[in-house]
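With my numbering, letter number 143 in the sequence shown gets 138, and the count goes up by one each step, no holes. Quick reminder that beta carbons are idealized off the backbone N, C-alpha and C, glycines included.
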Amino acid sequence: MDVILVGLPGSGKSAVGRRLAHRHGATFVDLDDAIETAAGRTVPEIFAERGEPAFRALEREAIAGLGPADPGAPVRRVVATGGGAVVNPRNRWQLYRGRLPIWLDARPEVLAQRLRRSPNVRPLIAGRDPMGTIRGLAHDRERFYAAAHRLNGAAELSTLVERVDELLARADARTSTTLLRGTSLDGQLVIGEGIAAEAIGTALRAARARRAILVSEPGAWEAAGAAIGAALVDDGWPVERILLPQGESAKRMSVIEEAARQLAALRAERGEPLVAIGGGALGDAAGFLAASWLRGVPLIQVPTTLVAQIDSSIGGKTGVDLPEGKNLVGAFHPPAAIVIDIALLRSLPERQRRAALGEAVKMAALGDEALFALLEADGEAVARGDVAAFDSGAVGEIVERTAWAKVEVVEADEHEQAAAAGRIRLNLGHSLGHAVEAAGGFGELLHGEAVAYGLRGAVRLGQALEVTPPKLATRVEALLTSLGLATTPLPYRLPAVLEALAADKKHADGSLRWVLPSAEGPVVRSDVPPELVERVAASLLAGSEAAA
Ligand SMILES: NC(=O)c1ccc[n+]([C@@H]2O[C@H](COP(=O)([O-])OP(=O)(O)OC[C@H]3O[C@@H](n4cnc5c(N)ncnc54)[C@H](O)[C@@H]3O)[C@@H](O)[C@H]2O)c1
Ligand SMILES: [Zn+2]
């Protein structure tokens, strides 16, 4: 077993690491030292001469150099990491998976004081306002450190060493990896592999629940819910189960009524959380149930599809459909906790994983360069569900980057009131996307597949309006093509697509607001000429290419 120490500069990783290694007869590895030896320069010199990106590249190599994790009980290595190493999701995956990660947490005041006394100056802390810098770093990195086991870094060395031993005693049985622990709209958000039951237990305890009321549907229950329920029972939780219909048919008023009556039969009380286990349709319906039962009870979202993990479980939108349209009745009801377990994606049909990447491409096109590059490199393997894509951390990284990008957008604009900068940007690709989805009767294209067509439409519109740089438009289309998304013209009639657009327009106060990518991020335009919309819509349809 390797012990990995993470935390801000000054948190005592080297001192604690040396002591731990000595106690266990293990090797102590200081990653920064390893980098300095490899580069023949000090860390400040590398920063000054080659810049931070070069340092991060060396850091990735040093982490890869650790090799595979050793699952045996004896501690073989204690590794102190540089403070910023865990910002990169792939580094974190490598460092945390199969090892025992420990976060030495300490208040910024303590860190600043220690650093003032330290002989070697850290490049990122060397500026004029070290306290401000430390606070900033603490805020930006907390969700990465918090995925590790938290210990108070200000405690005595001997106490810390004892605490680590206690964790080690429990560590050999652990097969789960927590990748990130943050907050979204004040609820906890956890991402990891094999974490579902444990993290649900934590969320239930935080809500002072006396039992676990699981809301699921037959497909998600078989793929994920049954095992989670059994693990909760093993942990001593009384478990109740309510099954809604599978797929979009969960999102009906009559289903909510029926489920609410089951809650009445269970005498579910105010404050008792509901645990939604399933994809986006289940989550929307169970979320609406939680929003309206007794005027609102806590909701724990356990998304089991890629759509739900990167999109629908985040942001607090819940609701059901009417014959007149999708999502017409609903409520904002942010979850108390979101538990994202990427292991659940292994059983997902390939078509669903691939379609969900349409939404990931959208987030990238909104201006996330790291996500863009990641999808270009690993998107296809993730879509296929390659074992290697799970093991390398590619799936985890795509889920984390996309989910967190959505967290940041909704945090800035919870109730969808801001203009260009706000939540409306998430509608990129959705005007034409909805229109083609509707033209197919909502049964032919998966939502993400429709969004992929919508994204092609948006960058074509944007380019024609000279909003989207041609290079960006080409890059978005090439990425969609490489992911096998929106590659064939659709067999729908243009008037059907335009009619659906007009219906959306009616719900949007008479004018469609087009979100278009630009070099500086998304812009919103309501003045797109109808002839242009028509021409671009036609370019997505079979037999209409001539019109484009
Ligand atoms: N609230 C929001 O912000 C938001 C955002 C995007 C989409 N949505 C909604 O999400 C829905 C689409 O999401 P979805 O595709 O996840 O829907 P879904 O819940 O219908 O799941 C799709 C299918 O996958 C199956 N499934 C679930 N988990 C599985 C697993 N781990 N392994 C194998 N199969 C599994 C389900 O049984 C179902 O048949 C739509 O209703 C859409 O409106 C909501
Ligand atoms: Zn969408």
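Under a Cβ-count criterion, where at least 16 other Cβ atoms within 10 Å of its own Cβ denotes burial, should residue i be classed as buried or exposed?
i: M(-4); result: buried
i: P67; result: Note that residue 67 is Gly in the sequence shown here, rather than Pro. Flag for G67 reads exposed.
i: P298; result: buried
i: H429; result: buried
i: A468; result: buried
i: T172; result: buried
i: H442; result: buried
i: A543; result: Confidence at A543 is low in this model, with a pLDDT of 43, below 50, so its placement is unreliable and no value can be given for it.
i: E444; result: buried
i: Q458; result: buried
i: A541; result: Note that A541 scores 46 on pLDDT, short of 50, meaning its location in the model is unreliable; the coordinates nonetheless yield the value given after this. Counting Cβ neighbours within 10 Å, A541 comes out exposed, since fewer than 16 surround it.
i: G78; result: buried
i: P525; result: exposed
Relative to ligand 2, is the shortest distance from any of its heavy atoms to the C-beta of residue i smaller than 8 Å?
i: E444; result: no
i: H425; result: yes
i: E354; result: yes
i: G311; result: no
i: D306; result: yes
i: G428; result: yes
I'd like to confirm the pairing. Which residues does DSSP put opposite residue i in its beta bridges?
i: K312; result: F327
i: G2; result: Answer by DSSP bridge pairing: none, since G2 is not bridged.
i: F23; result: V73
i: V270; result: L209, I295
i: N147; result: D100
i: D624; result: Because the chain is modelled from -4 through 543, residue 624 falls outside the range shown and cannot be assessed.
i: S179; result: G182
i: G436; result: In the DSSP output, where bridge partners are listed per residue, G436 has none listed.
i: T173; result: G187
i: D(-3); result: R72
i: G67; result: DSSP output for G67 lists no bridge partner at all.
i: L317; result: G320
i: I132; result: For the record, residue 132 in the displayed sequence is Leu; it is not Ile. For L132, which the question treats as bridged, DSSP gives no partner whatsoever.
i: G95; result: It is Leu, not Gly, that sits at residue 95 in the sequence shown. Partner(s): V(-2).
i: L536; result: L485
For ligand 1, is there a heavy atom less than 8 Å away from the beta-carbon of residue i?
i: E545; result: The question about residue 545 has no answer here: the residues shown for the chain are numbered -4 through 543.
i: S179; result: no
i: G35; result: no
i: A400; result: no
i: V531; result: no
i: T397; result: no
i: N322; result: yes
i: T300; result: yes
i: E137; result: no
i: L440; result: no
i: D363; result: no
i: D279; result: yes
i: E406; result: no
i: A303; result: yes
i: L339; result: yes
i: S153; result: no
i: A213; result: This sequence places Pro at residue 213; Ala is not what is there. Because some heavy atom of ligand 1 lies under 8 Å away, the Cβ of P213 counts as near it: yes.
i: A433; result: no
i: A245; result: yes
i: G314; result: yes
i: L343; result: yes
i: Q108; result: no
i: G187; result: no
i: Q241; result: yes
Would you say the beta carbon of residue i comes nearer than 8 Å to a heavy atom of ligand 4?
i: A218; result: Inclusion of ligand 4 in the displayed structure is not the case, the ligand content consisting of ligand 1 and ligand 2 alone.
Quick one: any contact between the region 507 to 523 and the region 389 to 400, if contact means 3 or more CB pairs under 8 Å? no
Three or more C-beta pairs below 8 Å linking the region 325 to 336 and the region 184 to 198: yes
Count the CB pairs spanning the region 371 to 387 and the region 482 to 489 that are closer than 8 Å, and state whether there are at least three. no
Segments of 4+ residues assigned as alpha helix (DSSP H) that fall wholly inside the region 486 to 531: 489 to 502
Within the region 215 to 263, ranges of the alpha helix (DSSP H) (whole runs, at least 4 residues): 221 to 229, 248 to 260
Counting Cβ pairs closer than 8 Å, one from the region 155 to 165 and one from the region 84 to 101, do we hit at least three? Contact annotation: the region 155 to 165 touches the region 84 to 101, with at least three C-beta pairs closer than 8 Å.
Would you check if the region 125 to 139 and the region 294 to 313 touch, i.e. whether three or more CB-CB distances between them fall below 8 Å? no
Within 8 Å, do at least three Cβ pairs link the region 321 to 329 to the region 415 to 427? no
Are three or more beta carbon pairs between the region 83 to 92 and the region 57 to 67 nearer than 8 Å? yes
At which residue ranges does the region 437 to 480 contain complete alpha helix (DSSP H) runs of 4 or more residues, listed in the order of the chain? 442 to 459, 465 to 477
Using 8 Å as the threshold, is the region 182 to 190 in touch with the region 335 to 344, meaning 3 or more CB pairs across them? At 8 Å Cβ cutoff, the stretches touch.
Touching or not, the region 42 to 57 and the region 75 to 86, by the rule of three or more beta carbon pairs under 8 Å? yes
For the region 467 to 486 and the region 361 to 379, state whether three or more C-beta atom pairs, one from each stretch, are separated by less than 8 Å. yes
Taking 8 Å as the cut-off, does the region 349 to 365 touch the region 203 to 216 (at least 3 CB pairs, one atom from each stretch)? no
So, do the region 69 to 76 and the region 13 to 23 have three or more beta carbon pairs nearer to each other than 8 Å? yes
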